[in-house]
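S.K.: Can you keep this structure in mind? I'll have questions shortly.
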Amino acid sequence: MMRIFGRNYLSSILVAVEDTKKIDETEEAAHALLLVRHGTEDFQLRNTASILESVEETQGAFSMLLGSVAAISLLVGGIGVMNIMLVSVTERTREIGVRMATGARRSDIM
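Everything in the sequence shown is counted per this note's numbering, starting at 948 for the first residue and increasing by one.
Spelled out as structure tokens, the structure:
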């Protein structure tokens, strides 16, 4: 191993389990074996289930953030449309009054 990698220790080991029900049992056995061999807990064990769980949590948080941004954008857009309509009606108040005074119907004004 020294000749191939330039070091005489392993940086990672991949273990595949045929039955997914035995993941926890296999992880505990590997932890116990490494603890006996090393004498101290100078290693980390990770399984795909925990990695998948953290990815799902991150994805959920990102979805919440994206939904919040979309809701705020929709609110700001609605306020903008409301202000434009208010300005439009305010500017046409005199015109609407004159038309109503000359006998125009509501359908003629809109």
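From the three backbone atoms N, C-alpha and C, an ideal C-beta is built for every residue, glycine too. The structure presented is a predicted model; accordingly, all values stated were derived computationally and were not measured.
Assuming D945 is part of the alpha helix (DSSP H), what are its boundary residues?
M.R.: Absent from the structure is residue 945, since the part of the chain shown begins at 948 and ends at 1057.
S.K.: Got a sec? Which residues, its chain only, sit under 8 Å from R1046 by beta carbon, not counting five neighbours each side?
M.R.: On the sequence shown, position 99 is the one that residue 1046 refers to. Counting only Cβ-Cβ distances below 8 Å, and skipping sequence neighbours, we find D1055, I1056.
S.K.: Using three-state DSSP, classify T1005 as helix, strand or coil.
M.R.: For this step, residue 1005 is matched to residue 58 along the sequence shown. If DSSP states are grouped into helix, strand and coil, T1005 belongs with the helices.
S.K.: Output the boundary residues of the alpha helix (DSSP H) element that contains E988.
M.R.: Taking the sequence shown and counting its residues from 1, one reaches residue 988 at position 41. From DSSP, E988 is part of no alpha helix (DSSP H); its letter is neither H nor E.
S.K.: In angstroms with no decimal places, state the Cα-to-Cα distance between T967 and S1001.
M.R.: For the purposes of this step, residue 967 is identified with residue 20 of the sequence shown, where counting begins at 1. For the purposes of this step, residue 1001 is identified with residue 54 of the sequence shown, where counting begins at 1. Answer to the nearest angstrom: the Cα atoms are 18 Å apart.
S.K.: For A977 versus V964, is the C-beta spacing smaller than 8 Å?
M.R.: As a working note, residue 977 is residue 30 in the sequence shown. As a working note, residue 964 is residue 17 in the sequence shown. Their beta carbons are not under 8 Å apart, which means A977 does not touch V964 by this criterion.
S.K.: Hey, out of I970, L1012, S1035, whose CA is closest to T995's CA?
M.R.: For the purposes of this step, residue 995 is taken as the residue at position 48 of the sequence shown. Of the candidates I970, L1012, S1035, the one whose C-alpha sits nearest the C-alpha of T995 is I970.
S.K.: Given a cut-off of 8 Å on the beta-carbon distance, is the pair E974 and L992 in contact?
M.R.: The residue given as residue 974 occupies position 27 in the sequence shown. The residue given as residue 992 occupies position 45 in the sequence shown. Yes. Within cutoff.
S.K.: Under the three-state reduction of DSSP, which class applies to A963: helix, strand or coil?
M.R.: Translated into the one-based positions of the sequence shown, residue 963 becomes position 16. A963: coil per DSSP, three-state reduction.
S.K.: Given a cut-off of 8 Å on the beta-carbon distance, is the pair F990 and L981 in contact?
M.R.: Here residue 990 is taken as the residue at index 43 of the sequence shown, counted from 1. Here residue 981 is taken as the residue at index 34 of the sequence shown, counted from 1. Yes, Cβ-Cβ distance for F990 and L981 is below 8 Å.
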